[in-house]
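**Q** Just passing along the structure, written as structure tokens.
Number of protein chains: 2
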Amino acid sequence: MATGHQPGGSVGTVVTQRVVLFTEDDPFVLESGAHLGPVEVAYETYGALNDDRSNAVIICHALTGDAHAAGLHDGARRPGWWDSIIGPGKPVDTERYHVICTNLLGGCQGTTGPASVDPATGEPYGLRFPLFTMRDLVEVQRALLAHLEIPRLLAAVGGSLGGMQILQWALDHPQEIDAATIVCASSRLTPQNIAFSAVAREAIMRDPGFAGGDYYPGRGPEVGLSIARMMAHITYLSEESMRTKFGRRFQDSDEPRFGFDVDFEVESYLNHQGAVFLDRFDANSYLYLTRVMDYFDAFADIEEIAPRLADMVSRFLVLSFDSDWRFDTTHSREIVRVLNAHRVEVSFREIASPHGHDSFLLPLPEYHDTVRGFLARAADEAGVAEA
Amino acid sequence: MATGHQPGGSVGTVVTQRVVLFTEDDPFVLESGAHLGPVEVAYETYGALNDDRSNAVIICHALTGDAHAAGLHDGARRPGWWDSIIGPGKPVDTERYHVICTNLLGGCQGTTGPASVDPATGEPYGLRFPLFTMRDLVEVQRALLAHLEIPRLLAAVGGSLGGMQILQWALDHPQEIDAATIVCASSRLTPQNIAFSAVAREAIMRDPGFAGGDYYPGRGPEVGLSIARMMAHITYLSEESMRTKFGRRFQDSDEPRFGFDVDFEVESYLNHQGAVFLDRFDANSYLYLTRVMDYFDAFADIEEIAPRLADMVSRFLVLSFDSDWRFDTTHSREIVRVLNAHRVEVSFREIASPHGHDSFLLPLPEYHDTVRGFLARAADEAGVAEA
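Chains as they are written, first to last, in the numbering used here: chain A, 13 to 399; chain B, 13 to 399.
Structure, rendered in structure tokens:
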């Protein structure tokens with residue numbers, strides 16, 4: 013165990029807020045040139061903004077996350093998805109930082125997405141929702157910060173797709189984030205990464221319940237979305253963590269029942285994950301957000317971004333986990349390689365963890381201490397008062 | 013390149029034969045105690061059986077294989093699935109060996125399986141087909157050998173599920189096979205292995221076209237079976253081979269088309285694999301054969317098999333491929349570990365190959381030379397005349 017790890021407390025009861033940032037008359041202009049309005053954004057904040065507005069930390073969520081990153085909704089028993097790292101005394105210390113988390117554009121937890129009503133038709137967008145990019149995800153979050161009158165970020169923290177947003181953000185706006193914290197992310201997906209997402213999308217889109225994306229107000233392609241989620245879960249766990257969690261144990265007895273029903277514990281786990289996902293996620297959002305990741309290629313036009321890398325104020329922390337095979341360490345090393353080649357300050361660490369890609373959600377001491385220290389140093393240098 | 017590699021020729025035109033080995037009145041008794049009859053078996057042979065019937069080599073096929081391992085069916089352009097290794101002058105040299113390959117019990121290419129008519133009802137079995145085991149797969153092949161009056165095997169060769177059959181065969185009948193050649197197989201699946209198969213089965217069984225398995229004569233759960241096949245293909249290729257084959261290239265142009273249709277080359281490949289599979293495979297067979305693998309646990313009762321290991325006449329060759337992550341080298345090492353611990357003679361080799369699990373189907377010189385030498389040595393010792 014690393015030293016200095018203190019679990020910390022909870023931010024307590026929180027509420028999700030919503031704000032309309034763009035309207036039909038003043039729409040959001042996407043990277044593609046498409047116009048989108050209204051755009052409403054759901055977000056949560058934890059901890060107080062200081063007087064000189066210098067202690068803001070944005071949390072960017074991963075594929076199936078939402079704005080509810082920490083604390084408890086009224087009456088809920090399960091805290092937000094990243095409560096392990098956000099809270100008083102935790103690495104993202106809400107006694108020192110003002111923490112903001114939004115639901116992403118195209119999401120399904122309060123921010124405008126494919127399930128929202130298209131004012132042009134009065135019907136949900138479905139697949140008529142414009143295809144958007146990593147840059148668009150960033151710009152909507154920047155619009156929220158402008159609305160909140162937060163001029164710059166002490167830090168940005170995100171895992172997986174969350175880290176990809178932060179990379180794009182820093183490349184597009186190299187003077188806006190002090191401490192860019194990119195956990196188990198990628199500058200571009202491998203064909204294997206794309207392959208898993210492609211099969212997931214096929215499962216969704218070929219489900220008769222998909223109806224070309226126009227399944228609202230029904231639940232739509234429940235089989236396809238469950239299959240997608242089950243497959244994704246395999247990639248979130250490591251071989252080792254599956255051995256530890258499930259082994260070859262059977263669900264109900266010491267003996268196999270020999271049949272096609274759920275029998276092994278690992279089958280029961282996956283079925284459960286597939287089923288509960290239906291209650292909280294929209295299939296169309298799954299399509300859009302996975303496709304954003306497929307097309308993302310942060311360093312594709314290195315000549316275009318070189319000047320911005322030269323202007324980079326952000327200091328980077330890039331973390332990977334040694335058992336993560338969804339985005340293994342070579343993804344992180346590639347980010348580090350390009351940043352290093354352009355003289356950007358970057359700390360890189362591969363954290364030992366048996367828990368695969370899901371490690372970023374877990375309170376691993378070495379991981380948390382590293383994030384804690386990285387943010388605290390940025391805060392010290394920015395003159396943010398200690399908690 | 014290893015030395016001594018000679019590609020060899022083709023066995024030419026071949027036909028699949030069929031024989032009824034068990035009848036309703038004289039049924040096959042499964043390990044479970046269930047009775048099954050009639051059982052018809054499809055098989056092919058290549059090369060002549062010698063006078064003292066000592067040169068027989070059985071080929072055991074993998075999950076989606078069939079009896080057509082080598083040569084050409086009349087009018088066909090694509091040879092059998094393991095034509096790379098079987099033929100005159102090839103490692104499984106049909107000028108020296110008499111090679112036999114059957115379609116497995118429960119398969120869908122001529123051997124009795126879930127699509128066959130249940131004489132009790134006059135309807136296809138569907139999921140009323142009895143669940144069978146690795147041992148049952150072996151015993152049906154042994155029944156064919158008895159029918160052919162082949163008392164013992166010079167060698168048995170198989171990859172993946174094929175290798176698993178050979179392991180079971182040697183453990184159950186330790187004096188029947190001289191050279192047991194087990195390629196990229198496993199003595200028992202990991203929870204991750206099971207997980208992939210479980211999701212594949214869910215995709216099939218939750219497809220409305222599955223109809224509880226009673227979809228004949230229709231094609232049944234085409235979406236689910238395609239999804240299963242696409243997912244499986246991801247596990248058959250290595251990350252590296254996907255990079256080489258597809259990279260992040262687009263199918264039709266240098267530029268992305270930005271949409272949900274097939275765009276990346278890897279998507280096109282997977283969709284094609286999913287589609288063509290429907291023409292040659294039955295979804296119920298996929299369920300049964302993957303389930304055999306899940307439940308297989310060759311060394312589960314080591315006390316029971318220890319006496320048979322002590323009687324083992326078979327010499328083993330166990331091969332893995334370093335980029336195979338479907339059944340990685342730890343699976344092979346586990347087989348070797350147990351055999352070694354019981355003083356069974358075993359050669360083990362991890363072959364360098366970028367091609368993942370699919371390597372076993374490819375004519376890699378080091379791999380083929382190793383198999384060639386292993387079989388030739390057994391043949392020499394058995395006094396089988398050289399070609």
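Virtual Cβ for every residue (Gly too), placed ideally from N, Cα, C.
Note that the coordinates shown come from a computational prediction; the quantities given were computed from them, not determined experimentally.
1. Excluding the 5 residues flanking Phe-258/A on each side, which residues of the same chain have their C-beta closer than 8 Å to its C-beta?
2. Tell me the DSSP secondary structure of Asp-306/B in three-state form.
3. Give the DSSP-derived three-state secondary structure of Gln-121/A in the structure shown.
4. Is Ser-359/A helix, strand or coil by DSSP?
5. Mind checking which residues open and close the alpha helix (DSSP H) that includes Ala-240/A?
6. Within this structure, are the beta carbons of Thr-76/B and Phe-293/B separated by less than 7 Å?
7. What first and last residue would you give for the beta strand (DSSP E) that runs through Ile-317/A?
8. Pull out every residue of the stretch 274-296 of chain A whose Cβ sits closer than 9 Å to any Cβ of chain B, in chain order.
9. Using alpha carbons as the reference points, say which of Val-396/A, Ala-74/A, Asp-336/A lies closest to Thr-247/A.
10. How far does the beta strand (DSSP E) with Gly-171/B in it reach, from first residue to last?
11. Quick check: what's the CA-CA separation for Tyr-379/A versus Ser-238/A?
12. Leaving aside the five residues before and after Asn-115/B along the sequence, list all residues of the same chain whose C-beta is less than 6 Å from its C-beta, in chain order.
13. For Phe-270/A, would you say it is in contact with chain B, using Cβ-to-Cβ distances shorter than 7 Å as the test?
14. Arg-218/A CB to nearest chain B CB: under 7 Å?
15. Quick one: give me the first and last residue of the beta strand (DSSP E) that Thr-114/A is part of.
16. Let's see if you can read the secondary structure: which residues bound the beta strand (DSSP E) around Arg-327/A?
17. Reducing DSSP to helix, strand and coil, say where Arg-261/A ends up.
18. Taking only three categories from DSSP, how would you classify Asp-273/B?
19. Identify the residues that DSSP records as bridge partners of Arg-200/B: which are they?
20. Would you say Met-324/B reaches chain A, if we count a Cβ-Cβ gap shorter than 7 Å as a contact?
21. Out of Arg-154/A, Pro-142/A, Asp-37/A, which has the shortest C-alpha to C-alpha gap to Val-69/A?
22. When you compare the stretch 350-358 of chain A with the stretch 212-224 of chain A, are there three or more beta-carbon pairs, one atom per stretch, that lie closer than 8 Å?
23. Closest Cβ-Cβ distance between Tyr-307/B and chain A: below 7 Å?
24. Within a Cβ cutoff of 7 Å, which residues of the same chain sit near Ser-128/A, ignoring the five residues on either side of it in sequence?
25. At the level of alpha carbons, what is the spacing between His-245/A and Leu-299/A?
26. Beta-carbon within less than 6 Å of Ser-253/B's beta-carbon, same chain only, minus the 5 sequence neighbours each way: which residues are those?
27. Pull out every residue of the stretch 203-217 of chain A whose Cβ sits closer than 8 Å to any Cβ of chain B, in chain order.
28. Taking the alpha helix (DSSP H) that Ile-347/B belongs to, which residues open and close that run?
29. Under a Cβ-count criterion, where at least 16 other Cβ atoms within 10 Å of its own Cβ denotes burial, should Thr-15/B be classed as buried or exposed?
30. Our contact map puts Leu-201/B next to Asp-306/B with C-beta atoms below 8 Å; I'd like the distance itself, whole angstroms only.
31. Near Val-161/B, which residues of its chain fall below 8 Å by C-beta distance, leaving aside the five closest residues on each side in sequence?
32. Would you kindly work out how many angstroms separate the C-alpha atoms of Ala-182/B and Ala-191/B, rounded to a whole number?
33. Listed from N- to C-terminal order along the chain, which residues in the stretch 223-237 of chain A have their beta-carbon within a distance smaller than 7 Å of any beta-carbon of chain B?
34. Output needed for Val-195/A: all residues of its chain with C-beta closer than 6 Å, excluding positions within five of it in sequence on either side, in chain order.
35. So, is Arg-384/A buried or exposed, given that buried needs 16 or more other C-beta atoms within 10 angstroms?
36. Under 6 Å Cβ to Cβ from Ala-295/B, same chain only, skipping five residues before and after it: list those, please.
**A** Let me lay it out:
1. As a working note, residue 258/A is residue 246 in the first sequence. Taken in chain order, the residues that qualify are Phe-276, Glu-277, Val-278, Tyr-281.
2. Taking the second sequence and counting its residues from 1, the one referred to as residue 306/B is at position 294. It is helical.
3. As a working mapping, residue 121/A is identified with position 109 in the first sequence. Coil.
4. As a working mapping, residue 359/A is identified with position 347 in the first sequence. If DSSP states are grouped into helix, strand and coil, Ser-359/A belongs with the strands.
5. By 1-based counting over the first sequence, the position of residue 240/A is 228. Counting along the chain, the alpha helix (DSSP H) containing Ala-240/A begins and ends at 234-248.
6. Start at 1 with the first residue of the second sequence, and residue 76/B comes out as number 64. Start at 1 with the first residue of the second sequence, and residue 293/B comes out as number 281. Contact: yes.
7. Translated into positions along the first sequence, residue 317/A becomes position 305. Unbroken run through Ile-317/A is the alpha helix (DSSP H), 314-322; no beta strand (DSSP E).
8. Val-274, Asp-275, Phe-276, Glu-277, Val-278, Glu-279, Tyr-281, Leu-282, Asn-283, Gly-286
9. Locating residue 247/A in the first sequence gives position 235, where the first residue counts as 1. The candidate whose alpha carbon is nearest that of Thr-247/A is Asp-336/A.
10. Walking along the second sequence from the start, residue 171/B turns up at place 159. That run of the beta strand (DSSP E) goes 165-171.
11. For the purposes of this step, residue 379/A is identified with residue 367 of the first sequence, where counting begins at 1. For the purposes of this step, residue 238/A is identified with residue 226 of the first sequence, where counting begins at 1. Rounded to the nearest angstrom, the two C-alpha atoms are 31 Å apart.
12. Within the second sequence, numbered from 1, the residue matching residue 115/B stands at position 103. Within the same chain, Asn-115/B has close Cβ partners Ala-54, Asp-78, Ala-79, Gln-121, Gly-122, Thr-123.
13. As a working mapping, residue 270/A is identified with position 258 in the first sequence. Taking Cβ atoms only, chain B reaches closer than 7 Å to Phe-270/A, which makes this a yes.
14. Position 206 of the first sequence, counting from 1, holds the residue named residue 218/A. So, interface residue.
15. Numbered from its first residue, the first sequence carries residue 114/A at position 102. 110-114 is the extent of the beta strand (DSSP E) around Thr-114/A.
16. Taking the first residue of the first sequence as position 1, residue 327/A is located at position 315. Counting along the chain, the beta strand (DSSP E) containing Arg-327/A begins and ends at 327-333.
17. Stepping through the first sequence from its first residue, residue 261/A is reached at position 249. Coil.
18. The residue you call residue 273/B lines up with position 261 of the second sequence. Residue state, collapsed to three classes: coil.
19. For this step, residue 200/B is matched to residue 188 along the second sequence. Answer is Asp-309/B, bridged to Arg-200/B.
20. Residue 324/B sits at position 312 when you count from the first residue of the second sequence. Closer than 7 Å: no.
21. Against the first sequence, residue 69/A aligns to sequence position 57. Checking every option, the nearest Cα to that of Val-69/A belongs to Arg-154/A.
22. no
23. Working through the second sequence from its first residue, we reach residue 307/B at position 295. Closer than 7 Å to some Cβ of chain A, the Cβ of Tyr-307/B qualifies, so yes.
24. By 1-based counting over the first sequence, the position of residue 128/A is 116. Closer than 7 Å at Cβ, skipping near neighbours: Pro-136, Tyr-137.
25. Sequence index remark: in the first sequence, residue 245/A carries index 233 (1-based). Sequence index remark: in the first sequence, residue 299/A carries index 287 (1-based). Spanning the two alpha carbons is a distance of roughly 16 Å.
26. The residue given as residue 253/B occupies position 241 in the second sequence. For Ser-253/B, where only same-chain residues beyond five positions count, the Cβ hits under 6 Å are Pro-366, His-367, Gly-368.
27. Pro-203, Gln-204, Ile-206, Ala-207, Phe-208, Ala-210, Val-211, Arg-213, Glu-214, Ala-215, Met-217
28. Position 335 of the second sequence, counting from 1, holds the residue named residue 347/B. That run of the alpha helix (DSSP H) goes 341-353.
29. Position 3 of the second sequence, counted from the first residue, corresponds to residue 15/B. Annotation note: pLDDT 43 at Thr-15/B (below 50); position unreliable, coordinate value reported separately. Per the 10 Å Cβ criterion, exposed.
30. Within the second sequence, the letter at position 189 stands for residue 201/B. Within the second sequence, the letter at position 294 stands for residue 306/B. Right, the Cβ-Cβ distance comes to about 6 Å (below 8 Å), so this counts as a contact.
31. The residue you call residue 161/B lines up with position 149 of the second sequence. The sequence shown places Glu at residue 161/B, not Val. Excluding residues within five positions, the ones whose Cβ falls inside 8 Å are Arg-65.
32. Sequence index remark: in the second sequence, residue 182/B carries index 170 (1-based). Sequence index remark: in the second sequence, residue 191/B carries index 179 (1-based). Distance between the alpha carbons of Ala-182/B and Ala-191/B is about 10 Å.
33. Val-235
34. As a working note, residue 195/A is residue 183 in the first sequence. Cβ within range, chain order: Gly-171, Gly-175, Leu-331, Phe-372.
35. Working through the first sequence from its first residue, we reach residue 384/A at position 372. Flag for Arg-384/A reads buried.
36. The residue given as residue 295/B occupies position 283 in the second sequence. Excluding positions up to five away in sequence, the list reads Ile-216, Gly-232, Pro-233, Leu-237.
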